[in-house]
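Quick notes on the structure that follows.
Numbering (our numbering), first residue to last: 73 to 284.
This is the structure we're talking about:
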């Protein structure tokens with residue numbers, strides 16, 4: 073592992089620069105050469121992404137080393153990365169430290185800070201499932217949070233969150249919302265949850281009236 077790390081530091085692009093940095097005009101009429109260059113670019117990108125993920129793993133480990141947490145380094149690293157990249161970081165962190173990023177932030181952070189960090193590192197559907205838990209926790213539902221979730225997300229993302237929530241809670245999200253809501257707001261919310269987008273002034277008015 074140490075040898076691989078040293079090699080990565082010495083050449084994070086895996087020796088592909090010779091292929092990827094050549095003058096494209098010289099091979100513009102050569103489809104096979106262009107395809108080979110494209111393959112090299114993709115391989116170089118994967119190598120560089122993996123290298124950055126390794127650096128992020130070590131940065132996060134250092135930020136959480138010993139007593140206390142270097143919150144600046146932690147948040148600066150997490151908030152500057154996409155979810156797809158953080159998934160790679162989480163996998164590599166697990167390989168190195170037997171812990172996922174979600175487990176790391178939950179053990180190092182607390183309160184709403186932990187929720188925020190968890191939303192950043194979790195896959196989109198799992199983060200949305202936690203948001204639903206928050207919106208329906210306690211007495212009464214946070215209707216504004218539910219409106220934002222149901223109306224501001226693509227139907228495909230809503231369905232993915234529904235599946236994640238039901239897997240997490242071993243219950244029907246439709247039944248849970250039906251128990252939390254009532255009236256026209258319940259009808260509109262359940263229709264949005266099922267997929268199709270309800271449009272028109274009547275639906276908008278019903279949501280606005282019931283959400284206040």
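We put the beta carbon where it would ideally sit given N, CA and C, even for glycine. Since the model is a prediction, treat every value here as computed from it, not as a measurement.
For residue 227, the enclosing alpha helix (DSSP H) starts and ends at 227-241. By the 16-neighbour rule on beta-carbons within 10 angstroms, residue 216 is exposed. Across the structure, residue 220 and residue 181 are spaced so that their CA atoms are roughly 26 Å apart. The Cβ atoms of residue 238 and residue 213 lie no closer than 8 Å to each other. A contact between stretches requires three or more CB pairs, one per stretch, nearer than 8 Å, and the region 148-159 meets this requirement with the region 185-198. Each of 208, 225, 171 was checked against the Cα of residue 197, and the nearest Cα belongs to 225.
The DSSP-derived three-state label of residue 192 is helix. DSSP, reduced to helix, strand and coil, places residue 122 within a helical segment of the structure shown. Scanning 232, 223, 218 for the CA closest to the CA of residue 248 turns up 218.
Taking residue 262 as reference, the option from 222, 232, 236, 187 with the minimal CA-CA separation is 222. Between residue 129 and residue 264, the alpha-carbon positions lie close to 39 Å from each other.
If the five residues before and after residue 147 are omitted, its C-beta is found closer than 8 Å to the C-beta atoms of 189, all from its own chain and listed in chain order.
Under the DSSP assignment, residue 217 falls in the alpha helix (DSSP H) whose first and last residues are 215-224. If you ignore the 5 residues before and after residue 266, its C-beta comes within less than 8 Å of the C-beta of 246, all in its own chain and listed in chain order. Residue 141 is classed as buried because its beta carbon has at least 16 other beta carbons within 10 Å across all chains shown. The DSSP assignment places no complete run of the beta strand (DSSP E) inside the region 154-192 (cut-off: 3 residues).
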